[in-house]
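Step one of this worksheet: look at the structure below.
2 protein chains.
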Amino acid sequence: MSYSFEPIGLVHSCFAEKFAIPRQPQLAPAARGVLELFPPYDKPEAVAGLEGVSHLWLLFVFHAAASGEQHLRVRPPRLGGNQRIGVFASRSTHRPNPIGQSVVRLDGIEDGRLLLSGIDLLDGTPILDIKPYVPYADALSDASNTLAEAAPAQLVVDWSEPALQQARAQALRLQQPVIELIEQCLAQDPKPAYQRPDTNREYGVRFWDINVRWHYPQADRIRVVAVEQ
Amino acid sequence: MSYSFEPIGLVHSCFAEKFAIPRQPQLAPAARGVLELFPPYDKPEAVAGLEGVSHLWLLFVFHAAASGEQHLRVRPPRLGGNQRIGVFASRSTHRPNPIGQSVVRLDGIEDGRLLLSGIDLLDGTPILDIKPYVPYADALSDASNTLAEAAPAQLVVDWSEPALQQARAQALRLQQPVIELIEQCLAQDPKPAYQRPDTNREYGVRFWDINVRWHYPQADRIRVVAVEQ
């Protein structure tokens with residue numbers, strides 16, 4: 162028996178590609194997006210009461226996950242990419258049913274739109290459901306997880322002077338916290354954990370409509386070298 | 162565009178009917194169940210690593226929710242059943258996409274089976290996904306929800322002497338914490354919040370294969386009067 166679901170909306174997000182999306186939401190508070198609700202869910206009735214709610218769970222489709230062959234085990238990046246664990250012990254996007262679950266901050270409610278931050282969703286992500294975060298039920302004080310005991314260590318991110326000026330200009334143009342977004346996402350170290358970076362090699366990613374380029378002057382340090390539309 | 166998902170397993174649960182299921186998981190730690198994984202997910206590889214994880218998120222289908230007409234607003238029982246809020250501000254089972262999300266305790270891992278407690282799932286619930294609870298990402302310390310600020314107030318539950326003896330016998334037969342299960346679930350007050358109970362009226366529910374009957378000697382007190390197979 163299979164179950165069929167129609168998206169109730171989609172997310173317009175700062176993340177134009179999968180690379181450099183934080184591994185968990187909340188790691189980049191400056192990552193913003195807008196959830197556009199489809200009719201009839203764009204009516205104010207459907208979200209009445211959310212004014213009193215600080216955070217939402219979004220259930221969504223990993224629409225850009227490779228479909229291909231199913232594996233029962235995955236290599237989570239945070240375990241260095243060489244240790245395999247069961248897919249149900251991981252939050253991998255490559256799952257038997259590619260449904261994601263993210264907690265995001267609700268910053269505002271407009272006509273048929275929810276303004277979000279702290280997101281880890283790719284632009285265009287189809288949303289299946291929205292549920293209010295219920296602190297007394299969802300924030301467990303006695304839970305433990307030895308595979309992910311704390312947020313990943315962060316790299317130091319610094320800037321070339323031209324890149325910082327470019328970022329300031331893009332922030333003004335987009336009216337978005339571009340500098341914070343870049344610092345928070347790159348501090349998570351987007352490259353695969355098993356890659357030892359050549360100090361000259363440049364990496365790049367697109368946030369909104371801007372291309373960000375950086376390199377690793379040391380293994381634990383990132384320097385942003387260009388931020389261009 | 163619609164998305165189709167096949168269950169990866171189903172839950173065998175103490176809750177034989179919807180009535181008296183706690184409104185959030187964790188409210189009844191004695192509520193136990195077994196998640197039976199379907200092939201190929203019943204292989205040990207699929208859950209390797211879960212030994213280090215105390216709690217799981219289950220994504221599931223509200224398979225017994227009435228399909229009928231869609232409403233954008235619902236009357237949550239905890240608001241007394243007479244205040245309507247948007248469906249996306251509630252955890253109601255009557256949702257545009259009837260997908261549920263529950264956090265449960267993982268008590269053990271057997272061949273193709275996960276032993277669970279603190280569940281709020283109806284017997285036979287189809288499971289779409291299992292994800293590990295990640296405390297640093299899921300347990301938000303700064304979240305607020307004015308619609309559900311604390312766990313609901315609990316009623317006092319006491320027993321007629323014959324009912325308590327019956328419950329002890331059923332607990333032995335089923336090898337389940339039947340007394341705790343009944344006390345924890347009835348303390349949530351299963352009846353609709355807007356009903357003022359006649360002190361003589363008897364209510365009943367089935368847990369596992371046993372029928373539990375109680376009445377309300379006072380509005381805030383439950384007396385269990387029978388526990389019979």
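First to last, the sequence lines map onto chains D and Y. Position in the first sequence counted from 1, then plus 161, gives you our numbering. Position in the second sequence counted from 1, then plus 161, gives you our numbering. By construction, the Cβ of each residue, glycine as well, lies at the ideal position given by its N, Cα and C atoms.
Check, Outcome
"Please classify F368 of chain Y: does DSSP put it in a helix, a strand, or coil?", "strand"
"In the segment 301-349 of chain Y, which residue ranges form an unbroken alpha helix (DSSP H) of at least 4 residues, counting only runs that do not cross its ends?", "322-335 and 339-348"
"Listed from N- to C-terminal order along the chain, which residues in the segment 208-238 of chain D have their beta-carbon within a distance smaller than 7 Å of any beta-carbon of chain Y?", "V208, A209, G210, L211, G213, V214, S215, H216, W218, L220, V222, L233 and R234"
"Count the other CB atoms, across all protein chains shown, that sit within 10 Å of the CB of R256 of chain Y; report buried if there are 16 or more and exposed otherwise.", "buried"
"Confirm, please, whether the CB-CB distance from F180 of chain D to V318 of chain D is below 7 Å.", "no"
"Spatial neighbours of I371 of chain D within its chain, please: CB distance less than 8 Å, with the 5 preceding and 5 following residues excluded, ordered by chain position.", "Q331, L335, V339, V388, E389 and Q390"
"Using the three-state DSSP reduction, which class does P296 of chain Y fall into: helix, strand or coil?", "helix"
"So, at 7 Å on beta carbons, what are the nonlocal neighbours of A225 of chain Y in its own chain, with the 5 sequence-adjacent residues on each side left out?", "K179 and L283"
"Run down chain Y in chain order and give the residues with a C-beta less than 7 Å from the C-beta of S163 of chain D.", "S165, F166 and E167"
"Where are the alpha helix (DSSP H) runs, 4 residues long or more, that stay fully inside the segment 254-289 of chain D, in chain order?", "none"
"Is the segment 238-258 of chain Y close to the segment 318-327 of chain Y, with three or more CB pairs under 8 Å?", "no"
"Name the DSSP beta bridge partners of F166 of chain Y, please?", "D:Y164"
"Name the residues in the segment 352-385 of chain D whose C-beta lies less than 9 Å from a C-beta of chain Y; which are they?", "none"
"Which chain Y residues sit within Cβ distance under 8 Å of L325 of chain D?", "Here the premise fails: no neighbours, minimum Cβ distance about 30 Å."
"Quick check: the segment 238-253 of chain Y against the segment 286-293 of chain Y, are there 3 or more CB pairs under 8 Å?", "no"
"Chain Y partners of F249 of chain D, CB-CB under 7 Å?", "A207, V208, L211 and I291"
"Helix or strand or just coil, what does DSSP make of G247 of chain Y?", "strand"
"Are any of the Cβ atoms in chain Y nearer than 7 Å to that of Y304 of chain D?", "Reading off the sequence shown, one finds Ala at residue 304 of chain D, where the question assumed Tyr. For A304 of chain D, the answer is yes, since a Cβ of chain Y falls inside 7 Å of its Cβ."
"Rounded to whole angstroms, what's the CA-CA distance from L233 of chain Y to L211 of chain D? Just pull it up for me.", "13 Å"
"State yes or no: is the beta carbon of P183 of chain D nearer than 7 Å to at least one beta carbon in chain Y?", "no"
"Which bits of chain Y does A312 of chain D rub up against, with CB to CB less than 7 Å?", "Y297"
"Look at the alpha carbon of D381 of chain Y and the alpha carbon of P351 of chain Y, and state the distance between them as a whole number of angstroms.", "12 Å"
"If we call anything under 7 Å between Cβ atoms a contact, is Y164 of chain Y one with V222 of chain D?", "yes"
"Using a Cβ cut-off of 7 Å (strictly closer), state whether E204 of chain D contacts chain Y.", "The amino acid at residue 204 of chain D is misidentified as Glu; the sequence shows Lys. By this cut-off, K204 of chain D is an interface position."
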